[in-house]
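Chains as they are written, first to last, in the working numbering: chain A, 6 to 252; chain B, -9 to 346.
Beta carbons: idealized from backbone N, C-alpha and C, even for Gly.
Report on the structure given below.
So this is what it looks like as C-alpha cells:
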C-alpha cells in the first residue's frame, strides 16, 4: 500500500487528483489561515505544532486536504509551477513578485500596511524630501514605483528582513516595510510617513487547477469563500486615507 | 570578473561561463530528446499536409509585435534602426503566409519550430526563451477549428502524452456577458483586464460595486462542463436553451465544444471568463493541459491579423486558426507521466524561490 503522503504529493500518474494540495506560508499568516481552515471543518494542527514538526500534513474535513508549509515568498513559485493546486500568501508578496497565478479570494485575515517610515525625530527634515533619499526595503519593486510616482529622487537598498535596523545604523534615511500593529516601528524610533498599500492574505490557485476544476479544489475554494465573506475583508484603500481599520 | 560569473581563458579565446538571466544552454542528452520530440511532432504535422516555415528571428520594431512593449527584447542594427527578437510566432508565420496567399490562394497550412523571447518581470521565475512547435491554418474558413483541435490533439498523442484536456473559451464571450449585465464600456474594459491578469479578487470587487449578484459573476469565472454551453453563455436567462441556435456566439461555442469532445482523453471544459493573450484572437480560443500536474502545454484559437505591406499598399487582413505547444512544459508533463528517460530526469532544473 502506498504512503498517502506520497500519493497526494507524488509525481506523475501516482498523484491523487482528488486530494487538493494547499501551500501555507510560515510566519504571521499561518495561524489565521489554520484558524480559517479549522472553521471550515478541516481538522488542522496548531500552527506551532505544524511549523515545528513537519512540512507536510494530510488533514481530513469536507475533503481530504494536503497542507504544505513553505516560506511565504515561495508560495507563488509552488503554485505557479503547479507543484501545488492552491496557496495562501499576502497581497504584498503578490504585488512584489508579479507571479503568473490566479488570485482567487481575499481571505480577509492578516491585515497589514506597506508603509514608508522615517526616524520620528527626522520626519520633518526627510519628508517631503529636499535631498535624494536612501530607502532600505525588502519590497524594492513597490518602493521604487511609489517613490517614482511621487517624483522623489531615491536610491532603494534591498535588504532581507530587519529593514528597521537600517536608519538606526545609518545605512538608509528611511524604510519601506510591512506594518501590522506599529509596535516594531515604535521600538526602533520610526514613524509612518506614507501608507503605500494595504494587504491581506489571498488564496491563489494554479490557473490549470481553476480551469480543470477538480471537485476537491472547488470545495476548498467554496468553503473559504463563505468564511472570507463572514470575515468581511477590509479590502484595499477602503477608508478615506487608504488605511483600513485594524481588525 | 563581472556579474559574479567566472571566465575561462582558452588560449586566445576567452569564454564566459554564465548566460544571461532567463536563458539557458541545453546539453545532451536533453538536446537529443528535444530533437526526437520535434521529429515526432514534425512527422505528424507533415502527414497532415502542413509545411514547415522558419521565419527570421529578428523583426522590424513596429510590425505587429504582440507582446507588451516592455516584454520585447530589442536590438539596434548598424543604421540605428530598432529590431525586436521574435516574441510570437503567429504574426511572423502570417507574414510569410501572406506572400504565399497572394500566389497560391487560401488556405495555407504551415508549421514551425523555434524559440520566442519575452522579457519577464524580474520577479517572475519563468525563462525568457520559450521553445515552441506550432501550426497555423491561414485564410481559414469558419469551422477550421475542427481541423486545428484535431491536429493539436494528434500532436500531443504523437508526443506520447497520455492524459490531456482542453479548455475552451471565446474571445468575445467575457465582454458579451459583462455588457449584458448593463456595465458601461469602460467598466467592461476594466473587468476584462482583471480577468486577463487572473485577478479574480479585483474582478469580484468591481462587479459587486456595480451590483452584479454573485451567482452571475461567479458563472463567468468558474469552469463549467462542456455540455453547459447554453447556461454559461446566457446566465440568468431561463429561456436561453430555446434560442440557443439564434445566438451566433453560443452556436459557435457549442460547435467547437462538440468538435473537441472525443479528442481529449482528459475531457473538455468551458471557461467563460477566459480572456486570451495575445489580444489578436477574435473567436473561439482553447488551452491545452496535461491532466497530470495540470501543466498548460499549449494554446491557440482563431485570429485576424492586419498586415501592412512595405510599399504602403492597402493592408491585408489575414484570418487564421493556430496553436503553439510549449516544448519545455510538454517535456515536464511527459516526465510527470513517467515517459522521459531517467538519464534526462536527472538533469538539474533551477527553480528560484523567494524574492530575489
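Pick from the options that is closest to residue i, judged by C-alpha positions
{"i": "residue 159 of chain B", "options": "B:197, B:245 and B:252", "result": "B:245"}
{"i": "residue 165 of chain B", "options": "B:94, B:176, B:79 and B:155", "result": "B:176"}
{"i": "residue 266 of chain B", "options": "B:249, B:329, B:184 and B:282", "result": "B:184"}
{"i": "residue 281 of chain B", "options": "B:211, B:258 and B:204", "result": "B:258"}
{"i": "residue 174 of chain A", "options": "A:193, A:88 and A:48", "result": "A:193"}
{"i": "residue 206 of chain A", "options": "A:91, A:68 and A:61", "result": "A:91"}
{"i": "residue 139 of chain B", "options": "B:162, B:252, B:27 and B:187", "result": "B:252"}
{"i": "residue 276 of chain B", "options": "B:330, B:241, B:155 and B:204", "result": "B:155"}
{"i": "residue 1 of chain A", "options": "A:195, A:78, A:76 and A:113", "result": "What is shown of chain A runs 6 to 252, which leaves residue 1 of chain A out entirely."}
{"i": "residue 120 of chain A", "options": "A:49, A:209 and A:145", "result": "A:145"}
{"i": "residue 254 of chain B", "options": "B:143, B:330 and B:190", "result": "B:143"}
{"i": "residue 191 of chain B", "options": "A:55, A:107, A:77 and A:78", "result": "A:107"}
Enclosing beta strand (DSSP E) for residue i [first to last residue]
{"i": "residue 200 of chain A", "result": "195 to 204"}
{"i": "residue 143 of chain A", "result": "Neither: residue 143 of chain A is in no beta strand (DSSP E) and is coded neither H nor E."}
{"i": "residue 316 of chain B", "result": "306 to 316"}
{"i": "residue 183 of chain A", "result": "179 to 184"}
{"i": "residue 279 of chain B", "result": "271 to 280"}
{"i": "residue 30 of chain A", "result": "26 to 30"}
{"i": "residue 50 of chain B", "result": "48 to 50"}
CB contact check: residue i to chain A, cutoff 8 Å
{"i": "residue 279 of chain B", "result": "yes"}
{"i": "residue 188 of chain B", "result": "yes"}
{"i": "residue 261 of chain B", "result": "yes"}
{"i": "residue 85 of chain B", "result": "no"}
{"i": "residue 62 of chain B", "result": "no"}
{"i": "residue 284 of chain B", "result": "yes"}
{"i": "residue 330 of chain B", "result": "no"}
{"i": "residue 314 of chain B", "result": "no"}
{"i": "residue 265 of chain B", "result": "no"}
{"i": "residue 155 of chain B", "result": "yes"}
{"i": "residue 246 of chain B", "result": "no"}
{"i": "residue 222 of chain B", "result": "Annotation note: pLDDT 49 at residue 222 of chain B (below 50); position unreliable, no value reported."}
{"i": "residue 106 of chain B", "result": "no"}
{"i": "residue 191 of chain B", "result": "yes"}
{"i": "residue 3 of chain B", "result": "no"}
Opening and closing residue of the alpha helix (DSSP H) in which residue i lies
{"i": "residue 23 of chain B", "result": "20 to 37"}
{"i": "residue 66 of chain B", "result": "It is not in any alpha helix (DSSP H) - residue 66 of chain B instead sits in the beta strand (DSSP E) that spans 64 to 66."}
{"i": "residue 192 of chain B", "result": "190 to 199"}
{"i": "residue 135 of chain B", "result": "134 to 149"}
{"i": "residue 123 of chain A", "result": "Where residue 123 of chain A is concerned, there is no enclosing alpha helix (DSSP H), although the beta strand (DSSP E) it sits in stretches over 117 to 124."}
{"i": "residue 239 of chain B", "result": "238 to 250"}
{"i": "residue 207 of chain B", "result": "204 to 211"}
{"i": "residue 263 of chain B", "result": "Run containing residue 263 of chain B: none; DSSP gives neither H nor E here."}
{"i": "residue 83 of chain A", "result": "80 to 85"}
{"i": "residue 169 of chain B", "result": "163 to 170"}
Cβ of residue i within 8 Å of any chain B Cβ
{"i": "residue 107 of chain A", "result": "yes"}
{"i": "residue 258 of chain A", "result": "Any question about residue 258 of chain A goes unanswered here, given that chain A covers just 6 to 252."}
{"i": "residue 217 of chain A", "result": "yes"}
{"i": "residue 168 of chain A", "result": "no"}
{"i": "residue 213 of chain A", "result": "yes"}
{"i": "residue 113 of chain A", "result": "no"}
{"i": "residue 87 of chain A", "result": "yes"}
{"i": "residue 183 of chain A", "result": "no"}
{"i": "residue 110 of chain A", "result": "yes"}
{"i": "residue 24 of chain A", "result": "no"}
{"i": "residue 32 of chain A", "result": "no"}
Sequence-distant residues of the same chain with beta carbon closer than 7 Å to residue i, five excluded per side
{"i": "residue 51 of chain B", "result": "64, 72, 73 and 74"}
{"i": "residue 180 of chain B", "result": "196"}
{"i": "residue 309 of chain B", "result": "129, 130 and 294"}
{"i": "residue 274 of chain B", "result": "135, 158, 160, 242, 243, 246, 291 and 292"}
{"i": "residue 202 of chain B", "result": "171"}
Proximal residues to residue i (C-beta, below 8 Å), its chain only, five neighbours per side dropped
{"i": "residue 272 of chain B", "result": "161, 162, 292, 293 and 294"}
{"i": "residue 47 of chain A", "result": "64, 65, 66, 67 and 70"}
{"i": "residue 33 of chain B", "result": "148"}
Residues of its chain near residue i, where Cβ-Cβ distance is below 6 Å and the 5 sequence neighbours each way are ignored
{"i": "residue 39 of chain B", "result": "99"}
{"i": "residue 146 of chain B", "result": "154"}
{"i": "residue 311 of chain B", "result": "127, 130, 134, 135, 138 and 292"}
{"i": "residue 157 of chain A", "result": "134"}
{"i": "residue 168 of chain B", "result": "178 and 181"}
Is the region 311 to 319 of chain B close to the region 122 to 138 of chain B, with three or more CB pairs under 8 Å? yes
Check whether the region 173 to 180 of chain A and the region 136 to 154 of chain A touch, using three or more Cβ-Cβ pairs below 8 Å as the test. yes
Touching or not, the region 213 to 220 of chain A and the region 122 to 134 of chain A, by the rule of three or more beta carbon pairs under 8 Å? no
Assess, as a yes-or-no matter, whether the region 156 to 170 of chain A is touched by the region 75 to 83 of chain A under the definition of 3 or more beta carbon pairs within less than 8 Å. no
Do the region 30 to 45 of chain A and the region 91 to 105 of chain A meet, that is, are 3 or more Cβ pairs less than 8 Å apart? yes
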